[in-house]
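Everything below concerns the one structure shown next.
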Ligand code: RTP
Ligand code: MG
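Numbering (the UniProt record's numbering), first residue to last: 1 to 148.
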């Protein structure tokens, strides 16, 4: 099964949106297999967002993402990478469709509540950055037969 890395960003934690974001993915049918709260160090943040190094918004992005605790998660399911991206909505909440997480809870591109991996390859890299293999839990759910 495909896996993706999802993170409730510091603004999402401060605003009490952790439960809402978990709930949306859970209700859709995806399976939570890893979960932790942590505060990113600048080193970790720069690794996570390495593709954006050198862009004008990079320093602001690093100070935002390290400004408070985040909730890091691994979710599993069919086509979960693309599905979570759709459920989050566009990077800029002003352009995110109503009903998406960012389109419901966000206003500013620099405070967009949630992160989700943009491809299966990125997901693998991000999962390895945040979680050791022992921290991921595999288990069966009896309800899978009602989802697939
Ligand atoms: P993320 O990686 O955080 O899930 O967001 P994303 O894929 O939708 O967007 P990405 O292009 O990877 O950008 C990473 C984060 O940088 C901030 N950003 N600011 N023009 C700007 O001011 C700008 N562009 C990007 C956003 O917080 C975005 O989530
Ligand atoms: Mg991204």
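Glycine included, every Cβ here is placed at the ideal spot set by N, Cα and C.
Within the chosen limit of 8 Å, ligand 1 reaches the beta carbon of residue 118 through at least one heavy atom. Residue pairing by DSSP puts residue 72 in a beta bridge opposite 7, 36.
Residue pairing for residue 31: DSSP places it in a beta bridge opposite 76.
Shown here, residue 113 sits in coil according to DSSP, grouped into three states, outside any helix or strand.
The DSSP-derived three-state label of residue 137 is coil. The beta carbon of residue 76 sits closer than 6 Å to those of 1, 3, 31, 33, all from its chain and outside the five residues before and after it, given in chain order. Counting C-beta pairs closer than 8 Å gives three or more between the stretch 9-16 and the stretch 64-71, which meets the contact rule.
Taking 9 Å as the cut-off, the Cβ atoms of residue 130 and residue 72 count as close. Inclusion of residue 39 and residue 18 in the CB contact set at 9 Å is not warranted, their separation being larger than that value. In the structure shown, residue 14 falls within a helical segment according to DSSP collapsed to helix, strand and coil.
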